[in-house]
Structures are given as structure tokens and as C-alpha cells.
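Asks: Going by the working numbering, the sequence shown wraps up at 385, each residue one higher than the last.
The beta carbon of each residue, even a glycine, is placed where N, CA and C say it ideally should be.
First the structure, then my questions, so here it is.
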Amino acid sequence: MDRREFNTGLGAAAAASLAPLPAKAQVYSGPNVILVRFGGGVRRAETIDEAGTYAPYLRHILAARGVFVPDMRIAQIDGVDTSHAEGTLNLLTGRYLAYRDAGSQLLQDRLEPTEPTLFEYLREAFDIPSHQALLINGEDRPQEEFFTYGVSPHYGIAYRSEMLSLHRFKLYKFAQILEEGTSREATLIDARQQYDALLAADPRAITPGQSPEVTEFWRRWRGHYGDDGLRNPRGDRLLTALAVRALRELRPRLMMVNYQDPDYVHWGNPSHYTRAIQIIDDGLQRLVETVESDPFYRGNTVFVVTPDCGRDANPLMSVPFQHHFNSRAAHETWAVLFGTGIDQGRVLDRMVDQSAIAPTIAASMGFRAARAEGDALSDVLI
Ligand SMILES: [Zn+2]
4 MDRREFNTGL GAAAAASLAP LPAKAQVYSG PNVILVRFGG GVRRAETIDE
54 AGTYAPYLRH ILAARGVFVP DMRIAQIDGV DTSHAEGTLN LLTGRYLAYR
104 DAGSQLLQDR LEPTEPTLFE YLREAFDIPS HQALLINGED RPQEEFFTYG
154 VSPHYGIAYR SEMLSLHRFK LYKFAQILEE GTSREATLID ARQQYDALLA
204 ADPRAITPGQ SPEVTEFWRR WRGHYGDDGL RNPRGDRLLT ALAVRALREL
254 RPRLMMVNYQ DPDYVHWGNP SHYTRAIQII DDGLQRLVET VESDPFYRGN
304 TVFVVTPDCG RDANPLMSVP FQHHFNSRAA HETWAVLFGT GIDQGRVLDR
354 MVDQSAIAPT IAASMGFRAA RAEGDALSDV LI
């Protein structure tokens, strides 16, 4: 009997006896999981290569602390694109091709999951409010607003995660400016235009609105950084700032941080890419230090750090560092897992498929990602 049949059975039995429905979900006590997408596509050469790394904290400190998986791969399957949204949804669902085009004229590369995400499994299994299942997204990727829940019938919006991003903050800010109505007329007209443009870019994620806890989070953020957008950090530093604040104020049980800036190498020179890797490495250090200095998280948290996809390693490419041409290196990633319940000081000396991430996180949190196709790395859990 799968979970759906089980729940149906419970519901039928309860209705028959006119007894109140049993409490569906249990209280969750841990471990908490922070999934860090070392994203925007990175090559092993600049991240986990011992001599070549631009992420020394990751490679020299964190990798030794838990289980280091140097050979994770995105499977070679027809139709699998080695890219950011795709890789992220592989990580969140434990499957390949578990997404569909969300059908927007305004945004390309807009995918929504067709299978349950980790957030949905978690919130179905445990009594966890939406603001404790968090996605932290980049500022110019509203297409990733779609990852908060899938369109599978049994899960979906009731079990969604909440989203923190600059896109979300601007929605809050312009709505507030319009509601307050105290700004100069030009400011109000601009706020109306910007608010409408944000709504048009992201119609699905507007309903339902964000929870009162997240609204309160934005109120404090606005109080701290103001309205002009010039004081808050930008790029992947912004993601670190949002994630650190979220840990302190929202107490997420599962949080995914979608770093992305190494992807600017599509347009720029390689130093943008290696600099972006350094910034993620700094962000990782801040996240780990925040967890270790907080009694709520210390000793009860797992970190999983892994890229969305690799990048080409072919020096003969006319434009190096790309990831859309299905080259071997674009399929090559890695993972570092450490924290409560994870083995220590271990290198997993075998090939591991990217679809293992979701079921492994599920196992460490005590639920099953029932539709995941990958196998949990049960031998690294202690
Ligand atoms: Zn890219």
C-alpha cells in the first residue's frame, strides 16, 4: 500500500465512524537540512580539484568534515539538458525530466515540476509550516519562482515551500508603497508600473500570497535596507544575506539556497566565473558559522552542497565554459554532505547519480521521496 492509498484508507475509516480525522502529520525535531546549489554550473577543475579550487573552504575544510562525492553525474538520457532549472529540479525531485514548460510568453526556460519536490514530501510527512520550507533564489531568475511546488495531484500547492528572493521583496515593497499612498506622485506611478510588471512575470506564484511570517520578514528587511535598492547586497551575496536572516528569523527545517553567479561566464570573461565561485565559498562559510553559533541548528543540521550542472572542459571550444552542448564535463558534478547523521572524513569512491540527492535528504530527515528514481546513499547515513 502506498501512502496515497494509506491516507485514503484512513479518511474512509474516519468518515465511516464519524470520528475526527487523525492528525495527519507529526511534529518534526530534526535534523534540519540546508541544500546549497553551488550553481550557475561549475566545473570540477575550479571547485573540487585540490590544487585548482577557487573554493578552498569547501574543498579543504568542508569536504573533510563529512562525505565527499567527487564523481557525481547527470545521467546521459535523451532529452536531458545540463542546465540550471533542469539540474535544480533533478535535485529537488530525485528524477530526470520531471518538469514541463510552464507556458509563459514572457520568460524562457520556465519549467515547473511535474513530480513532488522535497518540500512537498516533507510538509506532507510532518507538521511544518510553509515558512520553514524555504527556497532562496537569485534576483534575476523569476523563472525559478516555479520550484515551490509541483503539479502532481496528491501534493502540490498545499505543501509548497515559501520563496525568498529580490523579486519577492519587490512585490512586497511596491504593494506597501501603493497601500501607504504617502509617496510623491511620480514614485506612486512608478510603483504601480513595477508592481504590475512583477505580477505579469509571475502570475502563478502570486496565489496564495506569502505567509504572515514571510511578510513580517520582508517588513524587517525593508526597515533595514530601505526602498532604494542601493543598500542591500546584490548577486549571490544577496542570497547569503537572505539565507542567514532566514535562519535566524524563520527557522527553516529545509532550506535550498540557489546560488547562480558563476553563470555570468556566458557573457563575460573567466575571471567573473572564478570570482563567483569564491563568493559562493564565502557564503558557505557564513552559513556554516551561522548554524554553528545557533543552539537551534548546532548539532542538528545537515549541509548538502552540490552543483546544478557542470560546464564544458574542452579548451578548443570557441566559447569555453558553456554547458548546453551535452559534453561529458557538463554532466560531471560532485557533492559534499556533512552534519548530523552523516559519516565523517569519507570519500565516496564511486560514481553517484545526481538523482541520489533527493532520496538521501529524504532519508536523513525521516521521510520517503516516493517518486524519486535515484537511490538514497544509505551507506553514508550513520
Ligand atoms: Zn547557464
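1. Compute the distance between the beta-carbons of Leu242 and Val260, then report whether it is under 7 Å.
2. Quick one: any contact between the stretch 306-317 and the stretch 337-351, if contact means 3 or more CB pairs under 8 Å?
3. Could you say which of Phe122, His87, Tyr31 and Thr85 lies nearest to Thr390 if we only look at CA atoms?
4. Report the residue from Ala316, Asp346 and Gln325 whose alpha carbon sits nearest the alpha carbon of Ala332.
5. For ligand 1, which residues have a Cβ under 7 Å from at least one heavy atom, in chain order?
6. With DSSP run on the structure shown, which of helix, strand or coil describes Gln29?
7. Determine, using beta carbons only, whether His326 and Arg314 come nearer to each other than 7 Å.
8. What is the DSSP secondary structure of Val45, reduced to helix, strand or coil?
9. Which parts of the stretch 108-188 are runs of the beta strand (DSSP E), unbroken and 3 residues or longer, counting only runs that do not cross its ends?
10. Spell out the partners DSSP gives Arg103 in its beta bridges.
11. Look up Val383 in the DSSP assignment and give the residues it is bridged to.
12. CB-CB under 7 Å to His334, same chain, minus the five flanking residues each way: which ones, in chain order?
13. With distances taken from CA atoms, which of Gly141, Tyr276, Phe370 and Leu245 is nearest Phe220?
14. In whole angstroms, what separates the C-alpha of Ile385 from that of Val350?
15. Pick helix, strand or coil for Met368, following the three-state DSSP scheme.
16. Leu125 to Ala365, Cα distance in whole Å?
17. For Leu250, collect the residues of the same chain with a Cβ closer than 6 Å to its Cβ; drop the 5 residues on either side in sequence, then sort them by chain order.
18. Quick one, are the C-beta atoms of Ile280 and Tyr57 less than 7 Å apart?
19. According to DSSP, is Pro273 part of a helix, a strand, or is it coil?
20. Take every Cβ of the stretch 38-54, pair it with every Cβ of the stretch 266-286, and state whether three or more of those distances are shorter than 8 Å.
21. The beta strand (DSSP E) with Leu92 in it runs from where to where?
Replies: Judging by the given coordinates:
1. Yes, the Cβ-Cβ distance between Leu242 and Val260 is below 7 Å.
2. Segments in contact, yes.
3. Outside the shown range of the chain (4 to 385) lies residue 390, about which nothing can therefore be said.
4. Selection Ala316, Asp346 and Gln325 evaluated against Ala332 yields Ala316 as nearest (Cα-Cα).
5. Selection output, chain order preserved: Gly43, Gly44, Ser86, His87, Asp266, His269 and His326.
6. The answer is strand: DSSP assigns Gln29 an E or B state.
7. In this structure, Arg314 lies closer than 7 Å to His326 by Cβ.
8. Of the three classes helix, strand and coil, the one that applies to Val45 here is coil, per DSSP.
9. Unbroken beta strand (DSSP E) stretches of 3 residues or longer found wholly inside the stretch 108-188: 114-116, 136-139 and 165-167, given in chain order.
10. According to DSSP, which records beta bridges pairwise, Arg103 is partnered with Glu115.
11. DSSP output for Val383 lists no bridge partner at all.
12. Once the five neighbours on either side are set aside, the close Cβ partners of His334 are Arg76, Ile77, Gln79, Thr85 and Gly313.
13. Ranking Gly141, Tyr276, Phe370 and Leu245 by Cα distance to Phe220 puts Leu245 first.
14. So the alpha carbons of these two residues sit roughly 15 Å apart.
15. Met368 carries a helical assignment under DSSP once its states are collapsed to helix, strand and coil.
16. The alpha-carbon atoms of Leu125 and Ala365 are separated by roughly 8 Å.
17. Excluding sequence neighbours, Leu250 sits near Thr293.
18. Closer than 7 Å, so yes.
19. Secondary structure of Pro273 (DSSP, three-state): helix.
20. A contact exists between the stretch 38-54 and the stretch 266-286.
21. Per DSSP, Leu92 belongs to no beta strand (DSSP E); it is in the alpha helix (DSSP H), His87 to Thr96.
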